[in-house]
Each structure stands twice: as C-alpha cells, then as structure tokens.
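Please read the structure below before turning to the comments.
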Amino acid sequence: MVRKILAVFAGVIAASICIWAIETINHLMFPYPDGIKPNDMEGFKAYVQALPFLGKFMVIVGYAVGALVAGFIATKISKDGKPTAAIICGIVFLVFTIYNMTVLPTPIWFWILGILVWTLVLGGYKLALNKK
4 MVRKILAVFA GVIAASICIW AIETINHLMF PYPDGIKPND MEGFKAYVQA
54 LPFLGKFMVI VGYAVGALVA GFIATKISKD GKPTAAIICG IVFLVFTIYN
104 MTVLPTPIWF WILGILVWTL VLGGYKLALN KK
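Going by the working numbering, the letters in the sequence shown line up with residues 4 to 135, in that order.
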C-alpha cells in the first residue's frame, strides 16, 4: 500500500516537473506583459485571453507529456501491473485542470483537449508494462 501511495506521489511530481518545463518554454515564446504581478489574477486572465493558439496549445502539449510521464512513473514504481496508480495521477491532474479552466478564459477546444489529454496516463501505463 505504501508503495502505491509513493507511486502516485512520484507520478504527480514527475508530471508536474514536465508540465512546468514545457510551460516555461511557452512563457519564453509568449512572455508575460510588462508589469504583471504574480498575484494579479485579472492581469493573468487578460494574458491568457490574448494568448495565441500556439500558446494555449503548448499548455495541452505539456499536459500530454505530463500524463504520459505520470502514468509511466506511477506504474513502474507501483510494480503491480495494474493501472490504479496511473489513473489516480490522471484524476488528480484532471481536477486541477478543470479548476484552471473554470477560473481562466479558455476556449471550448481547450476544455475538450484539457479533459481528454489525461487519458494519456493509460498510455504511460502501457509503456511501463512493455518489457521489450
């Protein structure tokens, strides 16, 4: 049981690092406007609203990489051959993603992909099971 809990934590941490790295690249491509403060939610909403398609799509790419990594790491660490740890990672990130989409102005395509992308934890799970 402890191994499964650690597997979920490791999957979430590894995925978070991947998402952070891709979103950092995204912010280099599409920097914040001058004067925006970290706690300025209205300024951040305006930034997201004005973000071009590629800037928003890169967030989905980050989620996709994070989902694959979370599923892979959680499965490898849990060592039980079951998708449970991977699915829990996906659910954790799905909840955070839905929260972000409700507080930020995101288009419908982002909602659809933002929800569906977390099924890729099962892809990471399958990759972790592949012994070849």
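Built from N, CA and C at the ideal position, the CB exists for glycine as well.
Rounded separation between residue i and residue j - CA only
i	j	result
Lys79	Lys40	40 Å
Val124	Lys82	16 Å
Ala73	Gly46	31 Å
Met61	Trp23	11 Å
Thr109	Gln52	7 Å
Lys85	Thr27	33 Å
Reference residue i; option with closest CA among the options
i	options	result
Asn103	Met44, Lys7, Cys21 and Gly84	Met44
Leu54	Pro36, Gly117 and Leu119	Pro36
Phe75	Ala17, Ile20, Ile8 and Gly127	Gly127
Leu119	Asn42, Phe96, Lys129 and Lys134	Phe96
Phe99	Tyr66, Ala88 and Lys134	Tyr66
Expected contact under 8 Å - CB spacing of residue i and residue j to nearest Å
i	j	result
Lys48	Leu107	6 Å
Ala18	Ala70	7 Å
Ile63	Leu130	20 Å between Cβ atoms; not a contact.
Cβ-based neighbour list, residue i, same chain, cut-off 8 Å, excluding 5 preceding and 5 following
i	result
Gly58	Asn29, Met32 and Phe33
Leu9	Ile80
Opening and closing residue of the alpha helix (DSSP H) in which residue i lies
i	result
Leu107	First-last for Leu107: undefined, no H or E at that position.
Ala33	The question names Ala, but residue 33 in the sequence shown is Phe. Premise fails: Phe33 is in no alpha helix (DSSP H) and is neither H nor E.
Leu116	Ile111 to Leu119
Met4	It is not in any alpha helix (DSSP H) - Met4 carries neither H nor E in the DSSP assignment.
Thr122	No alpha helix (DSSP H) holds Thr122; DSSP gives it neither H nor E.
7 Å Cβ shell around residue i - same chain, five flanking residues per side excluded
i	result
Cys155	The first residue shown for the chain is 4 and the last is 135, placing residue 155 beyond what the model contains.
Ile90	Val124
Cβ neighbours of residue i in the same chain (closer than 6 Å, five flanking residues each side left out)
i	result
Trp114	Met104
Gly38	none
Trp121	Ala70, Gly93, Phe96 and Leu97
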